[in-house]
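> Mind looking over this structure? Questions follow.
Protein chains: 4
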Amino acid sequence: MPIAAGTPADQAPVQPKRERRKEARPRELLAAALDLFVEKGFAATRSEEVAARAGVSKGTLFLYFPTKEELFKAVVRENISGRFSEWNDEFLSFDGSSEEMVRYCLKVWWERIGETRASGITKLMLSEAQNFPDLAAFYHQEVVQPGQELICRILQRGVERGEFRPMDVEYAAYGLTAPMVFLTMMKHSLCACMPKDTPLDAERFIAAQTDNLLLGLCIRPPAGAPAGSAS
Amino acid sequence: MPIAAGTPADQAPVQPKRERRKEARPRELLAAALDLFVEKGFAATRSEEVAARAGVSKGTLFLYFPTKEELFKAVVRENISGRFSEWNDEFLSFDGSSEEMVRYCLKVWWERIGETRASGITKLMLSEAQNFPDLAAFYHQEVVQPGQELICRILQRGVERGEFRPMDVEYAAYGLTAPMVFLTMMKHSLCACMPKDTPLDAERFIAAQTDNLLLGLCIRPPAGAPAGSAS
Amino acid sequence: MPIAAGTPADQAPVQPKRERRKEARPRELLAAALDLFVEKGFAATRSEEVAARAGVSKGTLFLYFPTKEELFKAVVRENISGRFSEWNDEFLSFDGSSEEMVRYCLKVWWERIGETRASGITKLMLSEAQNFPDLAAFYHQEVVQPGQELICRILQRGVERGEFRPMDVEYAAYGLTAPMVFLTMMKHSLCACMPKDTPLDAERFIAAQTDNLLLGLCIRPPAGAPAGSAS
Amino acid sequence: MPIAAGTPADQAPVQPKRERRKEARPRELLAAALDLFVEKGFAATRSEEVAARAGVSKGTLFLYFPTKEELFKAVVRENISGRFSEWNDEFLSFDGSSEEMVRYCLKVWWERIGETRASGITKLMLSEAQNFPDLAAFYHQEVVQPGQELICRILQRGVERGEFRPMDVEYAAYGLTAPMVFLTMMKHSLCACMPKDTPLDAERFIAAQTDNLLLGLCIRPPAGAPAGSAS
DNA sequence: AATGAATGAGGGTTCATTCAT
DNA sequence: GATGAATGAACCCTCATTCAT
Chain A
3 MPIAAGTPAD
13 QAPVQPKRER
23 RKEARPRELL
33 AAALDLFVEK
43 GFAATRSEEV
53 AARAGVSKGT
63 LFLYFPTKEE
73 LFKAVVRENI
83 SGRFSEWNDE
93 FLSFDGSSEE
103 MVRYCLKVWW
113 ERIGETRASG
123 ITKLMLSEAQ
133 NFPDLAAFYH
143 QEVVQPGQEL
153 ICRILQRGVE
163 RGEFRPMDVE
173 YAAYGLTAPM
183 VFLTMMKHSL
193 CACMPKDTPL
203 DAERFIAAQT
213 DNLLLGLCIR
223 PPAGAPAGSA
233 S
Chain B
3 MPIAAGTPAD
13 QAPVQPKRER
23 RKEARPRELL
33 AAALDLFVEK
43 GFAATRSEEV
53 AARAGVSKGT
63 LFLYFPTKEE
73 LFKAVVRENI
83 SGRFSEWNDE
93 FLSFDGSSEE
103 MVRYCLKVWW
113 ERIGETRASG
123 ITKLMLSEAQ
133 NFPDLAAFYH
143 QEVVQPGQEL
153 ICRILQRGVE
163 RGEFRPMDVE
173 YAAYGLTAPM
183 VFLTMMKHSL
193 CACMPKDTPL
203 DAERFIAAQT
213 DNLLLGLCIR
223 PPAGAPAGSA
233 S
Chain C
3 MPIAAGTPAD
13 QAPVQPKRER
23 RKEARPRELL
33 AAALDLFVEK
43 GFAATRSEEV
53 AARAGVSKGT
63 LFLYFPTKEE
73 LFKAVVRENI
83 SGRFSEWNDE
93 FLSFDGSSEE
103 MVRYCLKVWW
113 ERIGETRASG
123 ITKLMLSEAQ
133 NFPDLAAFYH
143 QEVVQPGQEL
153 ICRILQRGVE
163 RGEFRPMDVE
173 YAAYGLTAPM
183 VFLTMMKHSL
193 CACMPKDTPL
203 DAERFIAAQT
213 DNLLLGLCIR
223 PPAGAPAGSA
233 S
Chain D
3 MPIAAGTPAD
13 QAPVQPKRER
23 RKEARPRELL
33 AAALDLFVEK
43 GFAATRSEEV
53 AARAGVSKGT
63 LFLYFPTKEE
73 LFKAVVRENI
83 SGRFSEWNDE
93 FLSFDGSSEE
103 MVRYCLKVWW
113 ERIGETRASG
123 ITKLMLSEAQ
133 NFPDLAAFYH
143 QEVVQPGQEL
153 ICRILQRGVE
163 RGEFRPMDVE
173 YAAYGLTAPM
183 VFLTMMKHSL
193 CACMPKDTPL
203 DAERFIAAQT
213 DNLLLGLCIR
223 PPAGAPAGSA
233 S
């Protein structure tokens with residue numbers, strides 16, 4: 003499954019009732035804005051384009067978001083649902099080995115974030131952080147920190163259960179974060195430019211990274227590991 | 003050595019002889035532009051600011067670069083080292099173990115790219131790729147590909163010499179790339195916004211990633227590795 | 003009775019029977035518009051505000067007045083009393099001295115115009131005349147001229163009856179107009195901004211102006227005049 | 003001398019040196035802005051018009067004044083020179099009768115303010131006070147108050163020298179202010195709309211008001227007074 | 001070559017006006 | 001009639017770019 007340009011998504015089909023629209027509008031505008039902000043950056047995206055992609059006129063956009071900056075903030079907030087608590091619970095009640103947890107973690111991230119439109123937020127946030135320091139702080143606190151802590155807990159569990167080697171847990175956690183962020187950035191930047199010839203196969207990427215990561219983490223050769231490693 | 007706010011590095015050097023100012027101008031402008039583009043993004047950087055930081059007037063900037071876009075392209079091109087062939091030679095004549103090569107590779111990357119102003123180019127390129135597709139292609143060809151190939155060659159050598167396990171070399175190479183890119187992006191985005199409390203210690207980060215990476219790659223426990231891993 | 007901030011006067015009356023709302027609508031809208039136009043000027047008043055103050059929706063306003071300009075014109079016309087003929091009659095049948103007529107004239111102006119919402123029209127008209135030349139002409143013809151003529155007649159009567167000195171009646175009439183207009187303008191501009199400390203006491207103002215005016219007009223010291231003047 | 007529409011003043015003749023222009027620009031822009039603001043009101047005047055009347059492009063205006071509001075403030079400030087201290091001195095060293103002082107005061111006001119472009123500021127300020135409360139306070143403090151005090155001093159002097167009757171000096175002072183303000187407002191509003199037929203002859207207006215005012219103020223019939231008044 | 005005053009197209013935002021419900 | 005969501009022309013302001021000096 004090679005990744006490439008900005009998944010255009012489904013566009014406004016048949017006009018529903020007026021009432022319906024009013025409730026749907028904010029979501030439609032945010033979706034349009036996310037696409038464009040990710041694609042071209044905040045500054046290079048014109049308000050009118052956002053409106054047009056959402057199928058409304060320029061003025062309508064400002065009926066729902068008082069400024070372009072507020073639109074940006076709303077885009078970020080909209081896509082940071084508090085799914086971490088849900089995930090936390092998922093992992094608290096997780097019953098398998100720690101290796102399985104790591105595999106599950108990366109798999110689930112890809113399914114729920116990486117290959118969805120939400121991954122654009124990461125690109126957006128890293129690209130524009132300097133211009134929106136307060137949002138950056140918010141994002142760090144609401145997304146980066148909780149994610150980091152979730153991963154730390156998994157690694158810690160592995161160490162305590164004797165599955166993982168002792169390690170600098172806090173920084174080892176970046177072993178999961180870095181590949182995901184890298185993949186996301188590539189998907190929304192260079193990969194979106196190169197046509198077909200040099201794609202980045204996300205699943206192959208994740209497989210390779212997961213394998214090597216676990217080989218490094220596990221004390222006993224991991225179940226799903228390739229043969230021939232440090233034995 | 004924690005990284006945080008945009009390490010200003012060497013700024014505005016004291017006025018040298020008037021003679022060589024003229025020749026130095028383009029370089030000074032490019033340096034100023036790089037700083038600002040990295041700090042604020044392409045669109046949010048005003049031409050006049052670039053000129054001011056380089057100590058010249060607005061008009062002078064356009065004497066050297068016909069448009070802001072051309073300036074941007076020049077900045078990227080100027081800072082995309084064509085030094086890969088040189089590095090290649092370094093590695094061709096490298097005499098140590100493949101593990102040492104990997105360690106050296108990451109160390110050298112940090113010294114020559116990561117902690118210098120050049121790292122800003124990665125941030126810039128990933129952030130603006132969609133707006134400069136031709137540059138993105140150029141960057142991919144001049145930086146990503148050669149870097150990738152260099153790493154592949156190291157891994158391949160390790161496998162062939164029986165030091166590294168058999169692997170999907172092409173994608174395993176991202177095991178080196180991803181942490182570096184991640185570190186770079188963080189340094190120039192979220193880390194530059196956060197105060198002192200949550201910095202990302204670059205050397206600790208590299209140490210942790212290198213350790214785990216090599217544990218995963220090596221057949222025999224790597225020399226510099228932490229104890230207790232898959233043995 | 004010092005005048006200061008925009009005496010709100012009677013606002014939004016309690017909802018009357020639903021039946022007569024429809025008929026009352028235009029009047030309510032005009033009242034709301036008058037308040038707002040006087041307070042903020044024509045341009046700075048938003049149509050929606052007018053509607054809101056009248057307790058209806060934006061759309062309803064345009065049901066009664068096709069454009070904002072027409073609303074403005076209606077406001078002015080509505081508040082330009084055609085009551086001059088009525089007042090004329092009052093003065094034709096006036097039985098007292100001409101001095102009393104002048105006093106009565108100023109007193110009545112204050113009671114019927116100056117201290118009511120109608121005084122806002124003067125402010126509005128003088129402020130916006132250039133943007134509504136046809137209205138200005140209409141106002142001049144319906145208000146300024148009749149008022150002027152009414153005053154002239156009073157002065158003329160005084161001269162003819164030997165109560166007032168001979169004078170340039172036409173321009174002497176401004177001796178009554180100027181203070182009233184001045185007071186109105188102040189009330190609706192500077193006085194509405196200043197806090198409590200420097201108010202303009204309308205009745206004291208009128209008393210002082212009336213006294214001096216009559217001392218200048220009368221041949222014999224006027225009855226209500228302060229002692230010590232040219233005798 | 004009938005007053006009518008907004009004296010267009012002299013427009014940009016031959017292009018002087020570039021250097022010269024830069025110094026002259028602010029003044030030219032302020033002059034243009036004063037004309038237009040007085041003529042059409044603040045809100046109804048477009049920035050581009052101001053620039054055009056000053057013979058420059060839209061952008062140039064914003065080189066000198068950061069916002070339209072700042073332009074407005076600058077217009078008001080520019081035209082409120084601290085001429086009151088000068089006038090104060092003039093009147094402190096005045097040697098004639100108090101009647102002469104009053105006559106001189108009104109005459110000089112007309113020459114220096116009333117018939118010049120500066121009179122537009124009064125119109126502007128009274129029309130827009132509500133939208134610029136801080137400027138209104140500034141104007142009141144810098145213009146209205148000092149003027150009022152100057153007049154009070156003249157009247158007080160007259161009373162103390164036995165030339166004027168005892169009076170409520172503070173409010174009697176409006177006897178000079180009101181006609182001047184009235185004349186100014188009329189000149190810049192209704193009079194600017196009516197073509198030729200109903201002009202307001204400023205000198206005849208001032209003569210009539212001065213005469214009557216002094217008849218009211220003076221204990222002995224004033225020297226320049228019309229015959230036949232209260233004797 | 002260097003300057004910086006001037007330009008004007010471009011884009012964010014407002015708000016009078018329309019019209020489907 | 002009444003509503004208020006939607007429209008889009010208009011306007012303020014920015015800033016890359018030009019060019020007279």
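As given, the protein sequences belong to chains A, B, C and D, one line each in that order. What the first sequence shows, in the working numbering, is residues 3 to 233, in sequence order. What the second sequence shows, in the working numbering, is residues 3 to 233, in sequence order. What the third sequence shows, in the working numbering, is residues 3 to 233, in sequence order. What the fourth sequence shows, in the working numbering, is residues 3 to 233, in sequence order. Note that CB positions come from ideal geometry on N, CA and C, so glycine has one too.
Do ALA56(B) and GLU235(B) come within 8 Å of each other at the CB atom, strictly closer than that value?
Past the boundaries of the shown model lies residue 235(B); chain B is included only from 3 to 233, so the question cannot be answered.
> Return the CA-CA distance between GLU205(B) and PHE44(B), expressed in angstroms with no decimal places.
So the alpha carbons of these two residues sit roughly 29 Å apart.
> Taking 8 Å as the CB-CB limit, is ASN214(C) close to chain D?
For ASN214(C), the answer is yes, since a Cβ of chain D falls inside 8 Å of its Cβ.
> Use the C-beta contact count for THR186(C): other C-beta atoms within 10 angstroms, 16 or more gives buried, fewer gives exposed.
THR186(C) comes out buried.
> Using the C-alpha atoms, what's the distance from GLU51(D) back to ARG85(B)?
Those two C-alpha atoms are separated by around 57 Å.
> Have a look at ASP213(C) and GLN147(D) and give me their C-alpha separation to the nearest angstrom.
Each residue's alpha carbon lies about 23 Å from the other.
> For GLN143(B), count neighbouring C-beta atoms within 10 Å of its own C-beta (all shown protein chains included) and say buried if the count is 16 or more, exposed if not.
By the neighbour-count rule (16 or more Cβ atoms within 10 Å), GLN143(B) is not buried but exposed.
> Would you identify the three-state DSSP class for PHE96(C), choosing helix, strand or coil?
PHE96(C) falls in the coil class under three-state DSSP.
> Whose Cβ in chain A lies nearer than 9 Å to the Cβ of THR179(B)?
Ordered by position in chain A, the residues that pass the 9 Å Cβ test against THR179(B) are PHE184.
> Distance, Cα to Cα, PHE93(D) vs LEU216(C)?
Their Cα atoms are separated by approximately 28 Å.
> Using the Cα positions of LEU157(A) and ALA53(A), report the straight-line distance between them to the nearest angstrom.
Computed Cα separation, rounded: 45 Å.
> For ASP170(C), write down the residues that DSSP places opposite it in a beta bridge.
Answer by DSSP bridge pairing: none, since ASP170(C) is not bridged.
> Report yes if the CB atom of LEU219(A) is closer than 8 Å to the CB atom of PHE184(A), and no otherwise.
Contact: no.
> Does any residue of chain D bring its CB to less than 8 Å from the CB of GLN158(C)?
Not an interface residue.
> Considering only the alpha carbon of each residue, which of ASN133(D), VAL171(D), THR179(D), HIS190(D) lies closest to LYS42(C)?
The residue with the shortest Cα to Cα distance from LYS42(C) is ASN133(D).
> Give the interface partners of PHE39(B) over in chain A, defined as CB-CB distance under 7 Å, in chain order.
Those within 7 Å of PHE39(B) in chain A number zero; the least Cβ separation is about 11 Å.
> Tell me, please, whether the CB atom of MET187(C) is closer than 8 Å to any CB atom in chain D?
Cβ-Cβ to chain D under 8 Å: yes for MET187(C).
> Is it true that the CB of ILE208(D) sits closer than 8 Å to the CB of TRP89(D)?
No, Cβ-Cβ distance for TRP89(D) and ILE208(D) is not below 8 Å.
> By Cβ distance below 8 Å, which residues in the same chain neighbour ILE221(C) in space, the five residues on each side in sequence not counted?
Cβ within range, chain order: GLY164, GLU165, PHE166, ARG167.
> For CYS154(D) and chain C, any beta-carbon pair shorter than 8 Å?
No - not a single Cβ of chain C is within 8 Å of the one on CYS154(D).
> Report the CB separation of ILE153(B) from ALA139(B) in whole angstroms; it is logged as a contact under 8 Å.
Going by Cβ atoms, the distance from ILE153(B) to ALA139(B) rounds to 20 Å, so no, they are not a contact pair.
> Can you tell me which of LEU178(A), MET196(A), ARG159(A), ALA194(A) puts its alpha carbon nearest to the alpha carbon of SER95(A)?
If we check each option's Cα against that of SER95(A), ARG159(A) comes out closest.
> Can you find a C-beta in chain A that's less than 8 Å from the C-beta of LYS109(B)?
Closer than 8 Å: no.
> Between MET103(B) and chain A, is any beta-carbon pair separated by less than 8 Å?
No, no contact with chain A.
> Please confirm whether ASN81(A) has its beta-carbon closer than 8 Å to some beta-carbon of chain B.
So, not an interface residue.
> Starting from the N-terminal side, write out each stretch of the alpha helix (DSSP H) that is 4 residues or longer and does not extend beyond the stretch 112-167 of chain D.
Counting whole runs of 4 or more residues, the stretch 112-167 of chain D contains the alpha helix (DSSP H) stretches 121-130, 135-141, 147-162.
> Shorter than 8 Å from the beta carbon of LYS42(D) to some beta carbon of chain C?
Yes - at least one Cβ of chain C is within 8 Å of the one on LYS42(D).
> Around the Cβ of SER121(D), are there at least 16 other Cβ atoms within 10 angstroms (buried) or fewer (exposed)?
Buried is the call here.
> DSSP has CYS220(A) in a bridge; who is on the other side?
Paired residues: PHE166(A).
> Can you give me the C-alpha to C-alpha distance between SER191(B) and VAL58(C), rounded to a whole angstrom?
Approximately 49 Å between the Cα atoms of the pair.
> Give the secondary structure of HIS190(A) by DSSP, where H, G and I count as helix, E and B as strand, and everything else as coil.
HIS190(A) falls in the coil class under three-state DSSP.
> Measure the beta-carbon distance from PHE74(A) to PHE39(A) and round it to whole angstroms, keeping in mind my assumption that it falls under 8 Å.
Right, their Cβ atoms sit about 7 Å apart.
> Where does ARG48(C) land, buried or exposed, given buried means 16+ other C-beta within 10 angstroms?
The residue in question, ARG48(C), is exposed, as its Cβ has fewer than 16 Cβ neighbours within 10 Å.
> Would PHE207(D) pass as an interface residue toward chain C - the criterion being a Cβ-Cβ separation below 8 Å?
True, the Cβ-Cβ gap to chain C drops below 8 Å.
> Pull out every residue of the stretch 128-142 of chain A whose Cβ sits closer than 8 Å to any Cβ of chain B, in chain order.
Against chain B - using a Cβ distance shorter than 8 Å - the residues of the stretch 128-142 of chain A are LEU128, SER129, GLU130, ALA131, GLN132, ASN133, PRO135, ALA138, ALA139, TYR141, HIS142.
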